[in-house]
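Protein chains in written order, with our numbering: chain A, 1049 to 1328; chain B, 14 to 222. Ideal Cβ placement from N, Cα and C applies to all residues, glycine included. It should be emphasised that the depicted structure is a prediction, and the values quoted were computed from it without experimental measurement. The structure under discussion appears below in the form of structure tokens.
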Amino acid sequence: MSHDDVIDLASGYVLGALEPAEEAAVRDHLATCSLPHAEFEELGGVVAAMLEDVELVEPPAALRDRIMDAARADLAARASRGPATVATPVAGPEPTPAPPTAFPSAAAREVRRAARTSRLDWALRIAAVIAVVAIGAWGLGLQRQLDAANRFNQSVASVLDAAARPGAQAVILTPAEGKQGRGIAAVAADGTVTMALRDLPTQTGTQVYTAWVIVGKNAPVSVGDFTVDANGIASVTTRPEPAPPGAIIALTLEPNAGNTAPKGEIYATGVAPGAAGATG
Amino acid sequence: MNERQTGLRGRTASPSDDADRAVLALVTDGQLDALQELYDRYRTMAYSIALRITTDPSLAEDVVQDAFLGVWRNASRYVEGRGSVKTWLLSIVHHRAVDAVRRRRPTTALPERETTPPPALTLPDIWNEVAAGLDRDAIAGAMATLTEVQREAIELAYWGGLTQQEIAARTGAPLGTVKSRVRLGLLALRRALVGDDGTGTEPVRDGMS
């Protein structure tokens, strides 16, 4: 299928209105063609917006039970088939961290800050899932599912305790691209972050991990250094630092303790959640 | 807003998309609670879309069930930075509904559709912001800027599950005319919703309005 043919079919494609053979041909072309196909994104965006224009009808309550029963059965079937596949692709264990890449210099950051108005530009350097969850009903579920390492369990319990206090919320820390390292954290009302972390590569020499709070476009503020044990697990309580909604919590591996500006690579990040009702 | 101009793969998504991603991450990890949460958030829109397309409540339920089971099994296929979880999820529902409708009709033979929607149906950054702020009135208003034949063609395609050839047969218009109406209609919608036509690459052939 020629490039022009594909463009001619773009509208039909995004609406799902092509003959099956045409649709397959376009799909194949898109998968292999290196030229840009901006029209697909532009038209596709319109189509996605059309989904909003639907008259709302509540489904029957029984549908929810049927779906959950089917999901439960599917989970059981997967479990009985053998070791669960890890849905999130994880690179092989990397005991020696790669040499740290430096953050851009202060001058470079300033130039970049001036050039962009997006307050998320620092976070956008991090190719990672940034996730927020309210502990609520999932607290127990999460706890049951997490690894059995004793120290990790204890630190998770601390995190859940902290998350249960008034004004506190839970944050999931997820790995930066190409990195391991994940955990859960509770941001207390006073800004203290209590974290339970795992899968972080063990530090060597004078290296330490540092937790940072980044508010808006301000420079990262260190809230504490910590080390992980031989199993890659750490239990951390930081000093209090205001972490308003949208503040980013980032973990880096620093060449030495006590840095006031990050020099090392980012290993994991999370975002302090917004005001109550953000998930409503 | 200038965030649209960054063109970066990151998002300036609404807080609810952040939460959705958290939920989906937990679904990927096999958390049933998370699937339940995702269902509760989007069950009404999912069912409404399925019902509108299938016009059959029982079939619509099956469609929604299939879609959420598909998400349960394939949550890891959601691609970061290409659009909101909501759009991804509801596009899956739309696909399955159109599949079900076409199977019901004896005519068009279908290939097996995957859970992953075609790449074009996921949104670039600019649309996250726009879509987050849209409501039914905005879309309805935008649809009103189309000509009647454009609106008809798009609705037959998107909500009727007809192919362009089928629309041509049903309306008696030549296929080329149908394609043109669909394309111009989508461009008009985009103009009404966003205020520009995008890059609008023209194919090297005549269009008819």
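Endpoints, the beta strand (DSSP E) within which residue i is located
i: Arg1230 of chain A; result: Arg1230 to Val1235
i: Tyr1315 of chain A; result: Glu1313 to Val1319
i: Ala1259 of chain A; result: Val1256 to Ile1262
Short CB-CB distance (under 7 Å) between residue i and chain A
i: Ile66 of chain B; result: no
i: Ser71 of chain B; result: no
i: Thr128 of chain B; result: Confidence in Thr128 of chain B is poor, its pLDDT being 48 and thus under 50, which makes the residue's placement unreliable; the coordinate value appears in the next sentence. Cβ-Cβ to chain A under 7 Å: no for Thr128 of chain B.
i: Thr57 of chain B; result: yes
i: Val195 of chain B; result: yes
i: Ala181 of chain B; result: no
i: Arg90 of chain B; result: no
i: Thr176 of chain B; result: yes
i: Gly208 of chain B; result: no
i: Leu134 of chain B; result: The pLDDT assigned to Leu134 of chain B is 47, lower than 50, so where the model puts this residue is not dependable, and the model offers no usable value.
i: Leu202 of chain B; result: yes
Simplified DSSP assignment, three categories, for residue i
i: Leu1221 of chain A; result: strand
i: Asp1056 of chain A; result: helix
i: Glu1302 of chain A; result: strand
i: Ala1110 of chain A; result: helix
i: Ile1281 of chain A; result: coil
Beta carbon proximity, residue i to chain B, threshold 7 Å
i: Gly1215 of chain A; result: no
i: Val1263 of chain A; result: no
i: Leu1111 of chain A; result: yes
i: Ile1296 of chain A; result: no
i: Met1329 of chain A; result: Residue 1329 of chain A lies beyond the stretch modelled for chain A, which goes from 1049 to 1328, so this question has no answer here.
i: Val1102 of chain A; result: yes
i: Val1105 of chain A; result: yes
i: Gly1231 of chain A; result: no
i: Gly1226 of chain A; result: no
i: Ala1119 of chain A; result: yes
Endpoints, the alpha helix (DSSP H) within which residue i is located
i: Glu1087 of chain A; result: Ala1086 to Met1098
i: Met1243 of chain A; result: Premise fails: Met1243 of chain A lies in the beta strand (DSSP E), Val1241 to Arg1246, not in any alpha helix (DSSP H).
i: Ser71 of chain B; result: Pro70 to Asn87
i: Ser61 of chain B; result: Leu45 to Thr67
i: Gly191 of chain B; result: Position check: residue 191 of chain B holds Val in this sequence, whereas Gly was assumed. Leu188 to Val207 is the span of the alpha helix (DSSP H), which, as asked, contains Val191 of chain B.
i: Ser1270 of chain A; result: Run containing Ser1270 of chain A: none in the alpha helix (DSSP H); it sits in the beta strand (DSSP E), Val1269 to Phe1274.
i: Thr100 of chain B; result: Val98 to Arg117
i: Val162 of chain B; result: Glu161 to Tyr171
i: Val1074 of chain A; result: Pro1068 to Thr1080
i: Arg149 of chain B; result: Arg149 to Met156
i: Glu1289 of chain A; result: No alpha helix (DSSP H) holds Glu1289 of chain A; DSSP gives it neither H nor E.
If you measure beta-carbon to beta-carbon, which residues of the region 98–111 of chain B are closer than 8 Å to chain A? Thr100, Leu103, Ser104, His107, His108 and Val111
By the 9 Å beta-carbon criterion, what residues does the region 1298–1313 of chain A contribute toward chain B? none
Taking Cβ-Cβ distances below 7 Å as the criterion, which residues of the region 1064–1097 of chain A are in contact with chain B? Gly1064, Ala1065, Leu1066, Glu1067, Pro1068, Ala1072, Arg1075, Leu1078, Ala1086, Glu1087, Phe1088, Glu1089, Glu1090, Leu1091, Gly1092, Gly1093, Val1094, Val1095, Ala1096 and Ala1097
Three or more C-beta pairs under 8 Å: does that hold for the region 35–51 of chain B against the region 1072–1089 of chain A? no
Taking any Cβ of chain A, which residues in the region 31–49 of chain B have a Cβ under 8 Å from it, in chain order? Asp31, Ala32, Arg34, Ala35, Val36, Ala38, Leu39, Thr41, Asp42, Gly43, Gln44, Leu45, Asp46, Ala47, Leu48 and Gln49
What residues in the region 1244–1272 of chain A bring their beta carbon closer than 9 Å to a beta carbon of chain E? Absent from the structure: chain E. Protein chains present are A and B.
Any 3 or more C-beta pairs closer than 8 Å across the region 1268–1280 of chain A and the region 1241–1249 of chain A: yes
Tell me which residues of the region 74–87 of chain B have at least one Cβ-Cβ distance to chain A shorter than 8 Å, keeping chain order. Glu74, Val77, Gln78, Phe81, Leu82, Trp85 and Arg86
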